[in-house]
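Chains as they are written, first to last, in the numbering used here: chain A, 8 to 229; chain B, 8 to 229.
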DNA sequence: TTGTCGATCTCGCAT
DNA sequence: ATGCGAGGTCGACAA
C-alpha cells in the first residue's frame with residue numbers, strides 16, 4: 008500500500024474500520040464496512056454503502072501515510088492551511104487494489120449558466136424586445152453582474168441568470184447588484200433588475216415584487 | 008457484475024471508458040482510466056485520478072444495469088423524476104471487485120451551526136449583555152429565524168448564525184428575516200438583526216452597515 | 001491566500 | 001414532490 012502511494016497510484020481499500028477527523032470541524036465514526044479511495048493528487052474518500060457523498064474525506068493536496076500499529080493498518084491523511092487530519096483505522100481488510108492512472112479530464116458539459124448566458128447574448132430579445140447587452144461580468148461594489156445592458160428606452164438593466172428554478176437567495180443577489188449600482192452611479196435614474204431563470208418559487212416572486220425587480224422565464228438551451 | 012448488483016453488493020470497476028450523461032444537464036467524457044463505484048442504494052460514481060468530486064455520477068435511487076454490447080461492457084444507470092441517465096462504456100477493464108456491505112452510518116460531527124446555536128442558548132450574553140432567547144427556528148414569511156429573542160430594552164432581536172466566516176449572502180438572509188418580521192408584526196418598533204459568526208468579509212461588513220444590521224464575532228465551541 | 005459564486009451541488013427536514 | 005437552508009460543501013476564477 009505504501010509503495011502504491013509512493014508510485015502515485017490510485018489505491019482502494021475495503022474493510023471494517025473506524026474513522027476520526029479533525030480540522031475545520033471534527034467527527035467520529037464507529038466501526039463499519041467502508042470503501043476507502045486514496046488518489047495520487049492527495050485526495051482521500053471514505054464511502055459507506057449509501058449516499059453519493061463520502062462519509063468522511065480529505066481534499067486534494069493531502070499527504071497520505073500508511074502505518075502498521077499492533078498488526079492493524081492505519082491510514083493517516085494530513086494537510087496544512089487549514090490544518091486537517093483524517094485517520095482510518097482498520098480492524099479487518101477485505102481487499103486492496105492499486106491502479107496506475109492518468110486521465111485527461113476533458114469533460115464537456117451543457118446546460119450550465121454559461122450556456123444560458125450565451126443564449127441571452129445571441130438573442131437579447133429573450134430578455135425583452137429592444138434589450139441591448141453591454142457587458143458580462145461587469146464589476147460593481149457588490150460583485151460581478153451576469154449581464155449588464157440597456158433597455159429600449161436607454162435605462163440601465165442588470166440581469167441575473169440562473170440555470171434552474173430559484174429561491175429567495177437569487178433575488179437577494181440581484182437586489183444587491185441593483186442597489187450597489189444605484190449607489191455607485193449615484194444616478195437618480197432608476198436601474199432595472201431582471202432575474203432570468205426557468206421559474207421562481209412563491210417566496211422569490213414575492214421578494215421580487217417587494218424589491219421592484221422583474222422576472223423573465225428562460226432556461227438554458229435544449 | 009450483474010449478479011453482484013442483484014445481491015445488493017457494492018461494486019467497483021476500474022478500466023478505460025467513456026462516459027455520457029443526460030438529465031438535469033448533459034455531458035460527454037472521452038476515453039480515460041477511471042474508477043466506477045456502484046452502491047447498493049443506487050448511487051453511481053465515476054472517479055478520475057484527481058479531485059474529491061466524481062467527474063460524473065448518479066444520485067441514490069437509480070437502477071443500475073450491466074450490458075454486453077460487441078464484447079464491451081456498458082454500465083447504464085437510470086432514474087426518473089427528474090429523468091436522468093448515465094452510461095459508462097468500457098473499452099478495457101482492469102479490475103472488478105464486489106463487497107457485501109452493511110454500515111450503521113452513525114457519524115458524530117462537532118463544530119456545526121447547531122453547536123454554535125447551543126453555545127448561544129447556553130450563554131446568551133455572548134450575543135450581548137441582557138439578550139434573552141425566546142425561540143429557535145421561529146417561522147417568518149421569509150423562512151425560519153435561527154434565534155429569536157429580546158434585548159435588555161425589550162426590542163425584538165433576530166439572530167442569524169454561521170459557523171464560519173461569511174460573505175454577502177448571509178447578510179441578505181438576515182435582512183430578509185428582519186424585513187419579513189417588520190412587515191409581519193407591522194410593528195413600528197424597529198427590529199434588530201444580528202449576524203453571529205467568527206468573522207465577516209469586507210463586502211459583508213459594508214452590507215451590514217447599509218442595512219442597519221449588526222455583527223457579533225462568535226464561533227462554534229472549541 | 002482570500003473572496004465570490006456556480007453546481008447535474010448533496011443532504012436533511014418540513015410542508 | 002417541492003421549498004428552504006446547511007455544508008468539513010467543492011471547484012473555478014479573480015484580486
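The beta-carbon is built from N, C-alpha and C at its ideal position, and this holds for glycine as well. None of the values given here were measured: they were computed from a predicted structure.
Residues of its chain near residue i, where Cβ-Cβ distance is below 6 Å and the 5 sequence neighbours each way are ignored
| i | result |
| --- | --- |
| residue 135 of chain B | none |
| residue 15 of chain A | 47 |
| residue 113 of chain B | none |
| residue 142 of chain B | 155 |
| residue 248 of chain A | Outside the shown range of chain A, which is 8 to 229, sits residue 248 of chain A, and nothing can be said about it. |
CB contact check: residue i to chain A, cutoff 8 Å
| i | result |
| --- | --- |
| residue 125 of chain B | no |
| residue 206 of chain B | no |
| residue 200 of chain B | no |
| residue 48 of chain B | yes |
| residue 54 of chain B | yes |
| residue 40 of chain B | yes |
| residue 149 of chain B | yes |
| residue 156 of chain B | no |
| residue 146 of chain B | no |
| residue 106 of chain B | yes |
| residue 110 of chain B | yes |
Any C-beta of chain B under 8 Å from that of residue i
| i | result |
| --- | --- |
| residue 21 of chain A | yes |
| residue 167 of chain A | no |
| residue 212 of chain A | no |
| residue 142 of chain A | no |
| residue 8 of chain A | no |
| residue 114 of chain A | yes |
| residue 181 of chain A | no |
| residue 71 of chain A | no |
| residue 34 of chain A | yes |
| residue 89 of chain A | no |
| residue 68 of chain A | no |
Residue i burial status per 10 Å Cβ neighbour count (16 or more: buried)
| i | result |
| --- | --- |
| residue 18 of chain B | buried |
| residue 41 of chain B | buried |
| residue 55 of chain B | buried |
| residue 71 of chain B | buried |
| residue 228 of chain B | exposed |
| residue 170 of chain B | buried |
| residue 87 of chain A | exposed |
| residue 51 of chain B | buried |
| residue 74 of chain B | exposed |
| residue 76 of chain B | exposed |
| residue 68 of chain A | exposed |
| residue 31 of chain B | exposed |
Span separating the alpha-carbon of residue i from that of residue j
| i | j | result |
| --- | --- | --- |
| residue 178 of chain B | residue 108 of chain A | 44 Å |
| residue 162 of chain B | residue 151 of chain B | 19 Å |
| residue 122 of chain A | residue 37 of chain A | 44 Å |
| residue 13 of chain A | residue 43 of chain A | 17 Å |
| residue 81 of chain A | residue 11 of chain A | 15 Å |
| residue 118 of chain B | residue 188 of chain A | 37 Å |
| residue 158 of chain A | residue 197 of chain A | 12 Å |
| residue 34 of chain B | residue 116 of chain B | 35 Å |
| residue 103 of chain B | residue 85 of chain B | 21 Å |
| residue 25 of chain B | residue 207 of chain A | 36 Å |
| residue 183 of chain B | residue 83 of chain B | 44 Å |
| residue 210 of chain B | residue 216 of chain B | 10 Å |
| residue 66 of chain B | residue 58 of chain B | 18 Å |
| residue 91 of chain A | residue 49 of chain A | 13 Å |
| residue 222 of chain B | residue 100 of chain B | 56 Å |
| residue 237 of chain A | residue 64 of chain A | Residue 237 of chain A is absent from the model: chain A starts at 8 and stops at 229. |
| residue 125 of chain A | residue 129 of chain B | 52 Å |
| residue 181 of chain A | residue 93 of chain A | 40 Å |
Pick from the options that is closest to residue i, judged by C-alpha positions
| i | options | result |
| --- | --- | --- |
| residue 21 of chain B | B:173, B:45, B:163, B:67 | B:45 |
| residue 132 of chain A | A:203, A:38, A:215 | A:203 |
| residue 201 of chain B | B:142, B:190, B:167, B:91 | B:167 |
| residue 105 of chain A | A:111, A:50, A:8, A:218 | A:8 |
| residue 95 of chain B | B:171, B:205, B:27 | B:27 |
| residue 173 of chain B | B:138, B:144, B:214 | B:214 |
| residue 53 of chain A | A:221, A:23, A:199, A:175 | A:23 |
| residue 199 of chain A | A:211, A:205, A:129, A:219 | A:219 |
| residue 120 of chain A | A:205, A:78, A:195 | A:205 |
| residue 89 of chain A | A:29, A:110, A:180, A:193 | A:29 |
Contacting residues, own chain, Cβ-Cβ under 8 Å from residue i (five flanking each side not counted)
| i | result |
| --- | --- |
| residue 127 of chain B | 133, 134, 140, 154, 166, 168, 203, 225 |
| residue 186 of chain A | 149 |
| residue 138 of chain B | 131, 132, 156, 157, 158, 159, 164 |
| residue 62 of chain B | 26, 36, 41, 53, 54, 55 |
| residue 212 of chain B | 222 |
Own chain, CB closer than 7 Å to residue i, minus 5 neighbours either side, in chain order
| i | result |
| --- | --- |
| residue 191 of chain A | 147, 148 |
| residue 98 of chain B | 23, 24, 38, 79 |
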